[in-house]
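**Q** Using the numbering used here, the first residue of the sequence shown is number -4, and each one after it goes up by one.
One structure, as C-alpha cells, below. Some questions next.
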Amino acid sequence: MGTLHREKWSSLLSFIWVAAGAAVGLGNIWKFPYMAGSHGGSAFVLMYLFFVLIVAIPVMIAEIMLGKLGQSDAVSSFVYLAKINNLSQRWRYTGYLGYLTLFLVFCFYSVVAGFSIAYFFFAVSNVFGGKNPMEIQSIWVDFLAQPGFLIGCAFLFIFCTMGIVYFGIKKGIERACSWMMPALLLVLAVLVVDSSLSGGFFDALNFLFSFEPEKIEPQIVISSLGHAFFTLAVGACAMMVYGSHLPMRVSVTQAVLVVALLDVVVALLSGMAIFPLIFSFDLSPSQGPGLMFVSLPMVFSKMAFGWFWGSLFFLLLFFAALSSSLSFAEPLVDLCISKGGVRRSTASYLVGCATLMGSIVCALSFNIWSGFKFFSRWNIFDFVADLSTNFLLPLGGIIISLFAGLVIKPEHLFGNNTWKRKIFFPVWRMVIMIIAPLAILIVMVNSLKDMLV
Ligand code: PHE
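Set out below in C-alpha cells:
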C-alpha cells in the first residue's frame, strides 16, 4: 500500500462534509439552474437525476475506492494498484491527467467564484437597489470590462482557498467544510422559504418537476449526463485523493449515496430558490450563464430588502465555490509535497501562484484579450472551461472507470456480505466497465462535435 501513515479524516461524517463540499459547487447553484432553465426545465431535471443514479454514483464509488485502496497521491496510487494487479505502469498517466484537469478547472473556477465575491459586495452595498434592467445589465458589462477588478476578486478567492489548504486535511479542509456545508444548507433553506412566498412558487414547481418525458431531446440527454459528472466531481482524481485519507474500515458506498443525495438536494433547492423569483418578476428562465449575475440582480433591485436577500445569495455561491475549490487545491498541494518533497506551506504558495497566473489569463479574456480567439471561436476562458469540463473530465472518468473495473474486487466494496457481493458487484462492474464509459464517450464526442462545428 502507498503511505499507510497518511493523515485520516476524523470520522465518516467529516468525510461526507468534505466530499459533499467538493461536489456541491458552482455546478449546483450557478450552472444547474441556468442549464435547467435553458433546457426545458423538468425534462433536464429528470434526465439529470437518472444519470446521477445510474452512471455518476457508480463511477464516484469507483474513484473513492481506488483512493482508499491506494492511500497516496493519485499518481502513486495508480502505480501501486497497477503493480499489485500486474497491470501496465502507464495507468499512472491517468493521475497526471487528473492533476492537469484540476489545475485548469481551478483557474477558470476562481474567476467565476471571484464574481460571487464582487456581487456579494455589490448586494451588501445596495448597488442594485432601484436600478432598471438596462442599468443592471450595464453593471455586469462594466464589471467584466475591468481586468484589475476581476483579477483582484480571483486573487481573493485563491487566497482564501490556499489559506484553508495550508492548514491541512483535518485542521484546514475538514474544519472549514464541517461548518461551511451546514451553513450553506441553512442559507439555502432560508432562501427557498423566502422565495416560495414570492408568488411564483407553483410555476417554479411545475417548471422543474412536471413529468414531461416527451420533451426529452438528444441535446438534453447529453448536457444532463455531462452535468451529472461535473457536479459529482468525478473524473479528475479529486475524489480519489479525498478517498485516500479514508480509514480502511469505512464503507465507501454508503458515504457516496449520502454525498450524491446532498448534491442533488442542493441543486434542486437552488432551482427552488431561484425560479419562483424569476417567474414572479416575469423574467425568462432561459437566460443562460447570466441568470445569476443579471436576472437575479434585476429581481433583487425590486424586492423588499433586496440587498439582504442578494447578499445571502452571493454568500451561498461563495461558500459553494470555496468548498469545491479545496478539492482542486488539496490534490495539487499533496502532489507537490509527495513528489516535490516540499513543505505544505511552500506547496500551498506555489499552487496558489500558479493558479493566479492561470486565472489572470482567463480573466483577461473578458476584456483586454477578448479579441483573441482559439480557432477563431473560443476566447481563452471558454476554451479552458470547455476543454477541462467537456473533454478532460469525461476522459478521466472513462479511464478511472475501466481501471477500477480491473482492480476492485467484490470484498473491497462489500466485505463479507455474500448477497451484495454476488448481486450488486456484477451490476456495479458492468456499469463502470461498459455503460459508464460508453455513455461518457457519447457525451464527449457530441460536445467535441458542438465545439468544433
Ligand atoms: N462539483 C463541482 C461543482 O459542482 C465541480 C468539480 C468538478 C469539483 C471536478 C471537483 C472536481 O461545482
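Where is the CB? At the ideal position from N, CA and C, for every residue including glycine.
Since the structure is predicted, the reported quantities are computational estimates derived from the model, not experimental observations.
Between the Cα of L180 and those of V119, V260, V251, F39, spot the shortest distance and give me the residue it belongs to.
**A** Counted from its first residue, the sequence shown places residue 180 at position 185. Looking at the Cα atoms, V260 is the closest of the given residues.
**Q** Might you give, ordered along the chain, the residues of its own chain that have their beta carbon closer than 7 Å to the beta carbon of A380, omitting 5 neighbours on each side?
**A** Numbered from its first residue, the sequence shown carries residue 380 at position 385. Around A380: F103.
**Q** DSSP puts W373 in a beta bridge; with which residues?
**A** By 1-based counting over the sequence shown, the position of residue 373 is 378. W373 is bridged to F369.
**Q** Could you tell me the distance, in whole angstroms, from the CA atom of F308 to the CA atom of R424?
**A** As a working mapping, residue 308 is identified with position 313 in the sequence shown. As a working mapping, residue 424 is identified with position 429 in the sequence shown. Taking the straight line joining both Cα atoms gives about 40 Å.
**Q** Excluding the 5 residues flanking Q214 on each side, which residues of the same chain have their C-beta closer than 8 Å to its C-beta?
**A** Position 219 of the sequence shown holds residue 214. Here the set comprises H34.
**Q** Looking at F150 and A108, is the spacing between their C-beta atoms short of 8 Å?
**A** Indexing the sequence shown from 1 puts residue 108 at position 113. Indexing the sequence shown from 1 puts residue 150 at position 155. The answer is no: Cβ separation not under 8 Å.
**Q** Assuming M243 and P128 form a contact by the criterion Cβ under 8 Å, report the distance between their Cβ atoms to the nearest whole angstrom.
**A** Reading the sequence shown from its first residue, position 248 is the one you call residue 243. Reading the sequence shown from its first residue, position 133 is the one you call residue 128. Between P128 and M243 the Cβ distance is about 57 Å, and since that is not below 8 Å, they are no contact.
**Q** To the nearest angstrom, report how far apart F225 and T96 are at their CA atoms.
**A** One-based indexing of the sequence shown puts residue 225 at position 230. One-based indexing of the sequence shown puts residue 96 at position 101. Cα to Cα, the separation comes out at about 12 Å.
**Q** Of the residues K444, G400, S442, which one's Cα is nearest the Cα of P432?
**A** Position 437 of the sequence shown, counted from the first residue, corresponds to residue 432. Residue G400 is the option with its Cα nearest to P432.
**Q** Identify every run of the alpha helix (DSSP H) within the region 58 to 87, keeping only runs that are complete inside it and at least 4 residues long; order them along the chain.
**A** Listed in chain order, the complete alpha helix (DSSP H) runs (minimum 4 residues) inside the region 58 to 87 are 69 to 79.
**Q** Please return the same chain residues whose Cβ sits closer than 7 Å to the Cβ of G194, not counting the five positions on each side in sequence.
**A** The residue you call residue 194 lines up with position 199 of the sequence shown. The answer, listed in chain order, is S275.
**Q** Please name the residue in I375, I393, G221, A434 whose C-alpha comes closest to that of F39.
**A** Walking along the sequence shown from the start, residue 39 turns up at place 44. If we check each option's Cα against that of F39, G221 comes out closest.
**Q** Let me make sure I understand the geometry here. Which of I273, D137, W304, G93 has the alpha-carbon closest to that of D68?
**A** Working through the sequence shown from its first residue, we reach residue 68 at position 73. It is G93.
**Q** Going by alpha carbons, who is nearest to K63 out of W373, H240, S6?
**A** For the purposes of this step, residue 63 is taken as the residue at position 68 of the sequence shown. When each option's Cα is compared against that of K63, the closest is H240.
**Q** Straight-line CA distance for L312 to W414?
**A** Counting from 1 along the sequence shown, the entry for residue 312 is found at position 317. Counting from 1 along the sequence shown, the entry for residue 414 is found at position 419. Their Cα atoms are separated by approximately 43 Å.
**Q** Do L264 and the ligand PHE come close, with the Cβ less than 7 Å from some heavy atom?
**A** In the sequence shown, the residue the question calls residue 264 occupies position 269. Answer for L264: no, Cβ out of range of the ligand PHE.
**Q** What residue does the alpha helix (DSSP H) around H407 start on, and which one ends it?
**A** Your numbering for residue 407 matches position 412 in the sequence shown. Taken as a continuous stretch (DSSP letters only), the alpha helix (DSSP H) holding H407 covers 405 to 409.
**Q** In the structure shown, what three-state DSSP assignment does T(-2) receive?
**A** For the purposes of this step, residue -2 is identified with residue 3 of the sequence shown, where counting begins at 1. Confidence at T(-2) is low in this model, with a pLDDT of 49, below 50, so the placement of that residue should be treated as unreliable; the coordinate-derived value is given next. Residue state, collapsed to three classes: coil.
**Q** Tell whether a beta-carbon distance below 8 Å holds between L390 and M428.
**A** Locating residue 390 in the sequence shown gives position 395, where the first residue counts as 1. Locating residue 428 in the sequence shown gives position 433, where the first residue counts as 1. Their beta carbons are not under 8 Å apart, which means L390 does not touch M428 by this criterion.
**Q** Assuming C348 and V106 form a contact by the criterion Cβ under 8 Å, report the distance between their Cβ atoms to the nearest whole angstrom.
**A** Numbered from its first residue, the sequence shown carries residue 348 at position 353. Numbered from its first residue, the sequence shown carries residue 106 at position 111. No, C348 and V106 are not in contact; Cβ-Cβ is about 16 Å, not under 8 Å.
**Q** Does DSSP put E130 in a helix, in a strand, or in coil?
**A** For this step, residue 130 is matched to residue 135 along the sequence shown. Helix at E130.
**Q** Between which two residues does the alpha helix (DSSP H) harbouring F398 extend?
**A** Start at 1 with the first residue of the sequence shown, and residue 398 comes out as number 403. Here the alpha helix (DSSP H) through F398 covers 388 to 402.
**Q** Buried or exposed, going by whether 16 or more other CB atoms sit within 10 Å of the CB of V47?
**A** For this step, residue 47 is matched to residue 52 along the sequence shown. Label assigned to V47: buried.
**Q** Just checking S219 against the ligand PHE - is the residue's beta carbon closer than 7 Å to any of the ligand's heavy atoms?
**A** Your numbering for residue 219 matches position 224 in the sequence shown. No, the beta carbon of S219 sits no closer than 7 Å to any heavy atom of the ligand PHE.
**Q** Beta-carbon within less than 7 Å of T(-2)'s beta-carbon, same chain only, minus the 5 sequence neighbours each way: which residues are those?
**A** Against the sequence shown, residue -2 aligns to sequence position 3. Low local confidence applies: a pLDDT of 49 at T(-2) is under 50, so the model's placement there is unreliable, with the coordinate-based value given in what follows. Counting only Cβ-Cβ distances below 7 Å, and skipping sequence neighbours, we find Q66, S67.
**Q** State the Cα-Cα distance for the pair P177 and S306, rounded to the nearest angstrom.
**A** For the purposes of this step, residue 177 is identified with residue 182 of the sequence shown, where counting begins at 1. For the purposes of this step, residue 306 is identified with residue 311 of the sequence shown, where counting begins at 1. Near 18 Å, if we compare the C-alpha coordinates of S306 and P177.
**Q** Using 8 Å as the threshold, is the C-beta distance between F376 and S360 below it?
**A** Your numbering for residue 376 matches position 381 in the sequence shown. Your numbering for residue 360 matches position 365 in the sequence shown. Cβ distance < 8 Å, so F376 and S360 count as in contact.
**Q** Where does K452 fall in DSSP's three states?
**A** In this structure the chain extends from -4 to 448, so residue 452 is not present and cannot be described.
**Q** Check whether the Cβ of L99 sits closer than 7 Å to any heavy atom of the ligand PHE, and report yes or no.
**A** Along the sequence shown, one-based indexing puts residue 99 at 104. No, the ligand PHE has no heavy atom inside 7 Å of this Cβ.
**Q** Roughly how many angstroms lie between the CA atoms of V19 and L263, to the nearest whole one?
**A** Here residue 19 corresponds to residue number 24 of the sequence shown, with the count starting at 1. Here residue 263 corresponds to residue number 268 of the sequence shown, with the count starting at 1. Rounded to the nearest angstrom, the two C-alpha atoms are 12 Å apart.
**Q** Say whether the region 227 to 237 touches the region 392 to 399, bearing in mind that this needs 3 or more beta-carbon pairs closer than 8 Å, one atom from each stretch.
**A** Yes, they touch.
**Q** Which runs of the beta strand (DSSP E), 3 residues or longer, sit entirely within the region 158 to 203?
**A** Qualifying beta strand (DSSP E) stretches: none in this window.
**Q** Pairs of beta-carbons, one from the region 14 to 28 and one from the region 314 to 329, closer than 8 Å: are there three or more?
**A** Yes, since at least three Cβ pairs between the region 14 to 28 and the region 314 to 329 fall closer than 8 Å, the two stretches touch.
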